[in-house]
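Heads up, the thing below is written out as structure tokens.
Protein chains: 2
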Amino acid sequence: MTKFDEATGAVRVDATTYDVCLDPGYAIGGPLNGGYLLAALLRAAVDASAYDHPVSTSAQFLRAPATGPAQVLLAPLKTGRTAAMTRATLVQDGTACVEALVTTATLAGEPAAWSAGPPVTMPPPEECLPLPRPRPGSGMTLGERMDLRFDPPTVGWFTGAPTGRPESRAYFRLSEPQDPDPYVLALALDALPPVVFSAGHRGWAPTVELTWHLRALPAPGWLTVVGQGRLIRDGWFDEDVEVWDSAGNLVAQSRQLARLGRG
Amino acid sequence: MTKFDEATGAVRVDATTYDVCLDPGYAIGGPLNGGYLLAALLRAAVDASAYDHPVSTSAQFLRAPATGPAQVLLAPLKTGRTAAMTRATLVQDGTACVEALVTTATLAGEPAAWSAGPPVTMPPPEECLPLPRPRPGSGMTLGERMDLRFDPPTVGWFTGAPTGRPESRAYFRLSEPQDPDPYVLALALDALPPVVFSAGHRGWAPTVELTWHLRALPAPGWLTVVGQGRLIRDGWFDEDVEVWDSAGNLVAQSRQLARLGRG
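Sequence lines, in order, name chains A and B. Its first residue numbered 1, the first sequence is counted upward by one per residue in UniProt numbering. Its first residue numbered 1, the second sequence is counted upward by one per residue in UniProt numbering.
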């Protein structure tokens with residue numbers, strides 16, 4: 001069992017209650033990564049479902065949970081012939097931290113009937129850049145758990161040369177040997193620095209709502225994570241992320257609405 | 001009071017219960033339009049909130065309600081300094097039909113700090129086409145309530161010449177004199193024929209999940225509604241819609257995940 005599988009493990013207590021233990025290894029400066037929280041929540045939702053895959057997840061981030069024990073509470077809303085819908089809430093000390101609507105189904109793995117092409121052409125991984133390791137004590141433990149190689153212009157902000165557009169692009173894999181699966185995708189699609197850093201903004205940018213759809217099971221190898229925003233206005237911004245697998249398939253789509261940092 | 005305001009009116013029963021009356025004028029061949037249902041649900045959520053605008057809404061469509069009386073049940077999840085989060089469920093005869101997570105906030109109306117441009121250049125409205133009126137008895141009552149002028153290639157499917165890509169684009173306004181507001185936007189973003197018609201598919205395409213974000217209050221006049229899909233696979237497709245107002249502002253973004261019709 002990998003560290004990630006263990007850190008996202010959900011243990012069945014009864015048909016609608018699962019125990020999880022939130023791992024301090026997936027923190028971004030204090031709070032735990034939202035995609036990590038969703039991965040743990042989705043393991044519970046899928047375990048309790050008659051279907052195999054979390055095809056659609058919409059989540060509101062209410063409060064940042066602490067590391068340590070938490071529960072996932074499930075409320076089945078509908079079980080249909082091809083999909084099931086469930087409300088899933090990550091609860092800690094009796095307080096809801098993340099509330100999500102989850103649709104599970106079983107993807108048959110048919111080839112795409114129609115697909116758009118990738119939104120950008122990435123340079124090969126060997127021409128992409130890791131960001132420097134965070135300072136010890138910064139609480140950015142997530143950086144140790146994953147290997148990100150950025151498309152160089154999209155990390156220009158790090159050296160004072162932002163592109164001026166909300167964008168963030170990188171190759172992604174876990175640091176430990178593990179092939180991507182739907183739970184790794186949940187982590188990957190929230191793993192990039194906020195797209196607004198590239199537009200000259202800084203500071204903690206709390207996600208308010210994140211919806212993602214699993215479109216296919218990913219092939220082994222690097223994932224390509226392409227993030228962009230469409231509008232920064234009134235203190236809010238959107239971040240749209242596509243995840244493509246090493247075989248050239250669009251495997252996940254997400255959009256989040258977040259608050260602009262004040263930092 | 002316009003027909004649309006009346007049809008989406010939500011009457012407060014108590015702090016967490018609102019009565020609505022679902023109007024047969026917003027049907028698409030039997031079922032009521034999903035955007036119309038969201039408009040009624042959002043009126044209740046906003047009325048009960050300390051904030052003025054429905055900035056983010058994620059909805060799962062569980063069952064198609066009949067026309068007539070229904071309730072919106074609210075469960076407040078968090079009230080913060082800049083936004084509040086609420087679970088809102090459209091219930092009919094004790095059965096949940098739509099379950100949504102709603103974030104309300106008050107948009108200050110500041111100019112955009114950064115905006116992408118429109119994804120396409122539309123021809124002027126006078127060069128765009130209405131679709132023929134539906135046959136009497138088809139149950140497509142929604143068509144009477146709104147005025148849609150389509151970018152011609154995107155309705156080529158109607159005469160047997162689909163473009164081959166999932167896309168749908170039109171100018172939108174209500175048939176009655178009413179300036180657009182957030183509730184009209186909820187209707188507009190689900191008002192186009194499914195994007196997959198343009199890719200050669202037909203038949204009822206049930207929405208499973210729809211998330212939309214209100215990004216600015218719309219100026220009076222035509223709305224431009226631009227829909228496209230990125231992937232059709234395993235019987236599922238995504239439909240991404242942007243709504244632009246007559247002043248050239250991106251005012252709403254939505255994405256839905258839907259099942260491909262069998263028709």
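For each residue, glycine too, the CB sits at the ideal point set by N, CA and C.
Chain B contact residues for residue i, given Cβ-Cβ distances below 9 Å
i	result
Glu144 (chain A)	Here the premise fails: no neighbours, minimum Cβ distance about 31 Å.
Asp190 (chain A)	Chain B residues near Asp190 (chain A): none, gap ~15 Å exceeds 9 Å.
Ala10 (chain A)	Those within 9 Å of Ala10 (chain A) in chain B number zero; the least Cβ separation is about 21 Å.
is_contact[residue i, chain B] using C-beta, thresh 9 Å
i	result
Met85 (chain A)	yes
Trp236 (chain A)	yes
Thr211 (chain A)	yes
Gln92 (chain A)	no
Arg259 (chain A)	yes
Pro6 (chain A)	Per the sequence presented here, residue 6 (chain A) reads as Glu, with Pro not at that position. Output row for Glu6 (chain A): interface = no.
Ala27 (chain A)	no
Ala170 (chain A)	no
Under 7 Å from the C-beta of residue i: neighbouring residues of chain B
i	result
Pro166 (chain A)	Trp114
Neighbouring residues, chain E, relative to residue i (Cβ below 7 Å)
i	result
Ile232 (chain A)	Included in the structure are the protein chains A and B, with no chain E among them.
First and last residue of the uninterrupted beta strand (DSSP E) at residue i
i	result
residue 264 (chain A)	Residue coverage of chain A in this structure runs from 1 to 263, which leaves residue 264 (chain A) outside it and unanswerable.
Ala40 (chain A)	Unbroken run through Ala40 (chain A) is the alpha helix (DSSP H), 34-47; no beta strand (DSSP E).
Glu6 (chain A)	Run containing Glu6 (chain A): none in the beta strand (DSSP E); it sits in the alpha helix (DSSP H), 3-7.
Gly143 (chain B)	Segment 142-145 is the alpha helix (DSSP H) holding Gly143 (chain B); no beta strand (DSSP E) there.
Val184 (chain B)	Premise fails: Val184 (chain B) lies in the alpha helix (DSSP H), 182-188, not in any beta strand (DSSP E).
Phe172 (chain B)	167-174
Leu217 (chain B)	Run containing Leu217 (chain B): none; DSSP gives neither H nor E here.
Leu73 (chain B)	68-79
Arg230 (chain A)	That residue, Arg230 (chain A), is in no beta strand (DSSP E); it is neither H nor E in DSSP.
Cys21 (chain B)	17-22
Thr89 (chain B)	83-92
Cys128 (chain B)	Premise fails: Cys128 (chain B) is in no beta strand (DSSP E) and is neither H nor E.
Leu105 (chain B)	Per the sequence shown, the amino acid found at residue 105 (chain B) is Ala instead of Leu. Segment 95-105, the beta strand (DSSP E) holding Ala105 (chain B).
Trp244 (chain A)	236-244
Gln178 (chain B)	Looking at the DSSP string, Gln178 (chain B) is not in any beta strand (DSSP E), and its letter there is neither H nor E.
Under 9 Å by beta carbon: chain A residues contacting residue i
i	result
Val208 (chain B)	Val55, Ser56, Ala83, Met85, Thr103, Ala105
Glu239 (chain B)	Neighbours of Glu239 (chain B) on chain A: none; closest Cβ ~11 Å, over 9 Å.
Arg255 (chain B)	Thr211, His213, Asp240, Gln253, Arg255
Leu250 (chain B)	Arg230, Leu231, Arg233
Ala205 (chain B)	Per Cβ cutoff of 9 Å: no residues; Ala205 (chain B) is ~13 Å from chain A at best.
Ala96 (chain B)	Leu77, Lys78
Residue-chain proximity (residue i, chain A), Cβ-Cβ < 9 Å
i	result
Glu242 (chain B)	yes
Ala186 (chain B)	no
Gly109 (chain B)	yes
Gly30 (chain B)	no
Gly221 (chain B)	no
Ala247 (chain B)	no
Ala161 (chain B)	no
Contact set between residue i and chain A, taken where Cβ atoms lie within less than 7 Å
i	result
Thr16 (chain B)	The contacting residues do not exist; Thr16 (chain B) stays about 16 Å from chain A at best.
Ala216 (chain B)	Arg233
Ala199 (chain B)	Trp114
Residue i: contacting residues in chain B (beta-carbon distance under 8 Å)
i	result
Gln178 (chain A)	Under the 8 Å cutoff, chain B gives no residues; its nearest Cβ is about 24 Å from Gln178 (chain A).
Listed by chain order, chain A residues near residue i by CB distance under 8 Å
i	result
Glu126 (chain B)	None at all; the shortest Cβ gap to chain A is about 28 Å.
Ala88 (chain B)	By Cβ distance, chain A contributes nothing, its closest Cβ being about 12 Å from Ala88 (chain B), past 8 Å.
**Request:** Assess, as a yes-or-no matter, whether the segment 116-134 of chain B is touched by the segment 144-160 of chain B under the definition of 3 or more beta carbon pairs within less than 8 Å.
**Result:** yes
**Prompt:** In chain order, what residues of the segment 38-57 of chain A put their CB closer than 8 Å to some CB of chain B?
**Reply:** Val55, Ser56
**Request:** May I ask you to verify whether the segment 110-119 of chain A touches the segment 222-241 of chain B, counting CB pairs closer than 8 Å and requiring at least 3?
**Result:** yes
**Three or more C-beta pairs below 8 Å linking the segment 72-79 of chain B and the segment 14-28 of chain B** = yes
**Asked** What residues in the segment 61-85 of chain A bring their beta carbon closer than 8 Å to a beta carbon of chain B?
**Response** Within the segment 61-85 of chain A, the residues whose Cβ lies closer than 8 Å to some Cβ of chain B are Leu62, Arg63, Leu77, Lys78, Thr82, Ala83, Met85, listed in chain order.
**Message:** For the segment 96-111 of chain A against the segment 43-60 of chain A, do three or more pairs of beta-carbon atoms, one drawn from each stretch, fall closer than 8 Å, so that the two count as touching?
**Reply:** yes
**Request:** State whether the segment 188-208 of chain A contacts the segment 185-194 of chain B, with contact taken as three or more CB pairs (one from each stretch) at a distance under 8 Å.
**Result:** no
**Request:** Say whether the segment 23-31 of chain B touches the segment 134-152 of chain B, bearing in mind that this needs 3 or more beta-carbon pairs closer than 8 Å, one atom from each stretch.
**Result:** yes
**Message:** Using 8 Å as the cut-off, can you tell me whether the segment 84-93 of chain B makes contact with the segment 44-51 of chain B, which would need three or more C-beta pairs spanning the two stretches below that distance?
**Reply:** yes
**Prompt:** Would you call the segment 191-198 of chain A and the segment 246-255 of chain A touching, i.e. three or more CB-CB distances under 8 Å?
**Reply:** no
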